[in-house]
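Enquirer: Numbering follows this note's numbering, with no gaps: position 83 of the sequence shown is 70.
What follows is a structure written as structure tokens; I'll ask about it next.
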Amino acid sequence: MSGSRAEMFKGVHHVGITVSDLERSFEFYERLLGRLRDFSTESEGPELSRAVGVADAKLRFGFITLGSVHLEMLEYDNGGKQRYDLSNCDVGAAHVCFEVRDLREAMAALSEDGITFYSDPLDIEEGPLAGYSFVYFDDPDGVTLELFEHRTSGR
């Protein structure tokens, strides 16, 4: 292997989110992000099952691109339709964070679409993230999402 580990990794290509209903999730994320899916397709078979570590995997999936990162939505047809129920403090819990230009403006627009936020925005005033604000909310399957703003002027 030539080169350093830092040179090996070029960036983040995609974040995968397993969903219970691919169409519903695409509609939610398309509305949330104001972007259409790049594609959706299906796959199954023993090679896929080995690759994803799911016995008898039958999968519908697709991508939505936001900047240089792709969001991959995956719906397995294997009976695993449980709602995501990890708390943010549970090991393995993950969330997707979207950077926005104006957090309060984004919250107002998303609230009109029926999105409920965990709280009012938290404005960070000290430490390495001083000048940032964030707020959490859930997607239709309970996956935690975050809006994140770098405030260039004080509030």
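Even for Gly, the Cβ is constructed at its ideal location relative to N, Cα and C.
#1: Closer than 8 Å by C-beta to Ser12: which residues in its own chain qualify, once you throw out the five before and the five after it? Chain order, please.
#2: Suppose you measure from the CA of Leu122 to the CA of Met94; what does that come to, to the nearest Å?
#3: Please classify Gly49: is it buried, with 16 or more other beta-carbons within 10 angstroms of its beta-carbon, or exposed?
#4: If you measure between the beta carbons of Ala44 and Ser36, is that distance less than 8 Å?
#5: I need the DSSP call for Arg160, collapsed to helix, strand or coil.
#6: For Arg47, name the three-state secondary structure that DSSP assigns.
#7: Pull up the distance between the alpha-carbon of Thr103 and that of Arg138, whole angstroms please.
#8: Buried or exposed for Val(-1), please, with buried defined as at least 16 other CB atoms from any protein chain shown within 10 angstroms of its CB.
#9: Across which residues does DSSP place Gly3 in a beta bridge pair?
#10: Where DSSP assigns a beta bridge to Val83, which residues make up the other side?
Expert: Reading from the atomic positions:
#1: Along the sequence shown, read from residue 1 onward, the residue named residue 12 stands at position 25. Result list for Ser12: Ile4, Val6, Met60, Glu62, Asp126, Pro127, Asp128, in chain order.
#2: Position 135 of the sequence shown holds residue 122. Position 107 of the sequence shown holds residue 94. In the sequence as presented, Leu is not what sits at residue 122; that position holds Val. The straight-line gap from Cα to Cα measures roughly 9 Å.
#3: Mapped onto the sequence shown, residue 49 falls at position 62. Looking at its Cβ environment, which holds 16 or more other Cβ atoms inside 10 Å, Gly49 is buried.
#4: Within the sequence shown, residue 44 is the residue found at index 57, counting from 1. Within the sequence shown, residue 36 is the residue found at index 49, counting from 1. Taking 8 Å as the Cβ cut-off, Ala44 and Ser36 qualify as a contacting pair.
#5: The structure shown does not extend to residue 160, since the chain is modelled only from -12 to 142, so the question has no answer here.
#6: Reading the sequence shown from its first residue, position 60 is the one you call residue 47. Under the three-state reduction of DSSP output, Arg47 falls in the strand class.
#7: Reading the sequence shown from its first residue, position 116 is the one you call residue 103. Reading the sequence shown from its first residue, position 151 is the one you call residue 138. Cα-Cα distance, rounded: 22 Å.
#8: Taking the first residue of the sequence shown as position 1, residue -1 is located at position 12. Around the beta carbon of Val(-1), fewer than 16 other beta carbons lie within 10 angstroms, which makes this residue exposed.
#9: On the sequence shown, residue 3 is found 16 positions in, with the first residue counted as 1. Listed as beta-bridge partners of Gly3 by DSSP are Glu59.
#10: Reading the sequence shown from its first residue, position 96 is the one you call residue 83. Looking at the DSSP assignment, Val83 forms a beta bridge with Leu132.
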